[in-house]
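**Student:** Let me begin by handing over the structure; questions about it come next.
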Amino acid sequence: MYTTNGQNGAISIIRKMSVSVLFLVGAIGYSVYVLFGLVGSLAGGSEVTDLMDQIMAMSGGYSSLDYSAVRAVSGMFNGISVFSMLVSMLPAMVIVAGIWLIFAAAKRNMLPGTASAGLTMARVIAIIQLVFACIGAVLLEILCIVALSAVNSVSGYYGSTGSVNALLVFIMIIFAGVAAVQIIYYLKLNKMIVKTKDTLLTGQPDDDISLYVEILCYISGGVAAIGALMSLADVEVLNFFANAGMATADICFAILIRQYRSKMGLLIHNPQQFYQEMQMAEQRTQQQRGAQQPYQGQQQWAQQPYQPQQPYQAPQQAQNPSGSGYGETSELPYRNETMVLGGQMINNGVLQSVRLIRQKTGETIYINKASFWFGKDAGNVDYCLTDNAAISRRHALITIRNNECFIQDNHSTNRTFLNGHVLEAGVDTPLSDGDRVRMGDEEFTVSIG
1 MYTTNGQNGA ISIIRKMSVS VLFLVGAIGY SVYVLFGLVG SLAGGSEVTD
51 LMDQIMAMSG GYSSLDYSAV RAVSGMFNGI SVFSMLVSML PAMVIVAGIW
101 LIFAAAKRNM LPGTASAGLT MARVIAIIQL VFACIGAVLL EILCIVALSA
151 VNSVSGYYGS TGSVNALLVF IMIIFAGVAA VQIIYYLKLN KMIVKTKDTL
201 LTGQPDDDIS LYVEILCYIS GGVAAIGALM SLADVEVLNF FANAGMATAD
251 ICFAILIRQY RSKMGLLIHN PQQFYQEMQM AEQRTQQQRG AQQPYQGQQQ
301 WAQQPYQPQQ PYQAPQQAQN PSGSGYGETS ELPYRNETMV LGGQMINNGV
351 LQSVRLIRQK TGETIYINKA SFWFGKDAGN VDYCLTDNAA ISRRHALITI
401 RNNECFIQDN HSTNRTFLNG HVLEAGVDTP LSDGDRVRMG DEEFTVSIG
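So, in structure tokens, the structure goes:
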């Protein structure tokens, strides 16, 4: 399933949503939350010292207490407070780094690339928070049980404790409910991240995206917004910006989750309508770009100065990676040029050539060797893509043997895909006429005939 520009439909959805204004606003909001949370944790350490100063002042001339010793103790508490706050912010810092990795990869059209690493970072944090949520729930329940036992043990001295027992049981139920909500949230979030990463790596659409996570994001955003208003009323600037950033991020990502589920569902259940909408969107984008081009009647100062055409230069010659016995290859610097390498094989007595058409430039690449390498290391490949950072040094290998054509991923960083399915590294997969091959974010169409 591909869009009109040759890109896999599911990956196109991820890319467009990851560079959308909504994603960018959410990323900035979460970054603001982390930034002001860190600043607030550093500034909050002085509160202990201020409290100790007030206590000493109220004692009257510091009384007989050793003020230097008290200052030392308060400094120790300050350090512990700041350190604990910084540790508690580490998961948020990792998540914000992962968010910006996803945005950067999508912005440069290098999916999966660093976007896969960003999702992995978010998943690791989700798993860690799930573990801590489980541990916290168990500890709170144990604490409530101990308190309940203590109340029952003194019931003989103070009479009936039925009301106290009922209150403790009610508190236990509340704690258990809150813990259950958190645990289910992290489980659903982890599952959602895994499915999104699988779609990013394989190109297979999946609309099984949790509504539960979306709803909790809305609730969390609402609570953070209320906290921001309360902080503003109390003139707590740092808390205001932190809560406002969190509210913005939660609401933006909740909307993105809903849009993602909707678009993936449309791609799965009604692909024709999906591609029609994608084509219309691409046409609108092209029209907008065309409207921005200068027209003949524009003022002279608005026109681009004439640039003389550069003299023709011979294409770069790539060294043969396999020694003698094979012809030279070249990297084509011009659009729609054809690289003729004369690749042929015989099927049912008919002489056939194997060609790959590069979607980005329209080049036709002929395969003429038993082993034909694609990559960005000009000295060790047969077709060099030096203009694309998503391509590995020796990304993929196409082989022709027994009048059949095969492709193999060479353990590349951004993987190789055939018709939207990720290829297992080091394994030959047959190629047929009309197949769509993607190396990193480079799309090719196979032509055999």
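Mapping of the sequence shown onto the UniProt record's numbering: residues 1 to 449, in sequence order.
Heads up, the beta-carbon is just placed ideally off N, CA and C, and yes, glycines get one too.
Bear in mind the structure is a predicted one, so any value in this text is a computation, not a measurement.
In terms of residues, what are the limits of the beta strand (DSSP E) holding residue 442?
**Tutor:** Taken as a continuous stretch (DSSP letters only), the beta strand (DSSP E) holding residue 442 covers 442 to 448.
**Student:** On the DSSP letters alone, give me the boundaries of the alpha helix (DSSP H) that residue 12 sits inside.
**Tutor:** Segment 9 to 18, the alpha helix (DSSP H) holding residue 12.
**Student:** Within a Cβ cutoff of 8 Å, which residues of the same chain sit near residue 147, ignoring the five residues on either side of it in sequence?
**Tutor:** Taken in chain order, the residues that qualify are 168.
**Student:** Residues in its own chain within less than 7 Å of residue 100 by CB, not counting five upstream and five downstream?
**Tutor:** Cβ within range, chain order: 27.
**Student:** Give me the Cα-Cα distance between residue 263 and residue 234, rounded to the nearest whole angstrom.
**Tutor:** Each residue's alpha carbon lies about 43 Å from the other.
**Student:** Excluding sequence positions up to five away, which residues of its chain have a Cβ less than 6 Å from the Cβ of residue 313?
**Tutor:** Residue placement at residue 313 is flagged as unreliable, the pLDDT there being 44, under the threshold of 50; the coordinate-derived value follows with that caveat. Excluding residues within five positions, none has a Cβ falling inside 6 Å.
**Student:** Does the contact criterion of 3 or more C-beta pairs under 8 Å hold for the stretch 106 to 115 versus the stretch 124 to 137?
**Tutor:** No contact exists between the stretch 106 to 115 and the stretch 124 to 137.
**Student:** Should residue 90 go down as buried or exposed, given a rule of 16 or more other Cβ atoms within 10 Å for buried?
**Tutor:** That one is exposed.
**Student:** Would you identify the three-state DSSP class for residue 430, choosing helix, strand or coil?
**Tutor:** It is a strand residue.
**Student:** Under 6 Å Cβ to Cβ from residue 248, same chain only, skipping five residues before and after it: list those, please.
**Tutor:** Result list for residue 248: 29, in chain order.
**Student:** Pull up the DSSP beta-bridge partners for residue 193, would you.
**Tutor:** DSSP, once it has assigned bridges, lists no residue as partnering residue 193.
**Student:** Starting from the C-beta of residue 440, find all residues in its chain whose C-beta is less than 6 Å away, skip the five residues before and the five after it, and write them out in chain order.
**Tutor:** If we look at residue 440 and ignore the five residues flanking it on each side, its Cβ neighbours are 390, 391, 414.
**Student:** Tell me residue 354's beta-bridge partners as DSSP assigns them.
**Tutor:** DSSP, once it has assigned bridges, lists 367, 448 as partnering residue 354.
**Student:** Locate the alpha helix (DSSP H) running through residue 259, then write down its first and last residues.
**Tutor:** Where residue 259 is concerned, the enclosing alpha helix (DSSP H) stretches over 237 to 269.
**Student:** What is the DSSP secondary structure of residue 391, counted as helix, strand or coil?
**Tutor:** Here residue 391 sits in coil by DSSP.
**Student:** Taking Cβ to Cβ, would you say residue 19 is nearer than 8 Å to residue 103?
**Tutor:** Yes, these two residues count as a Cβ contact at 8 Å.
**Student:** Among the residues of its own chain, which have a CB less than 6 Å from the CB of residue 118, if the five just before and after it don't count?
**Tutor:** Excluding positions up to five away in sequence, the list reads 98, 101, 102.
**Student:** Expressed to the nearest angstrom, what Euclidean distance is found between the alpha-carbon atoms of residue 445 and residue 196?
**Tutor:** In a straight line, the C-alpha of residue 445 is about 26 Å away from that of residue 196.
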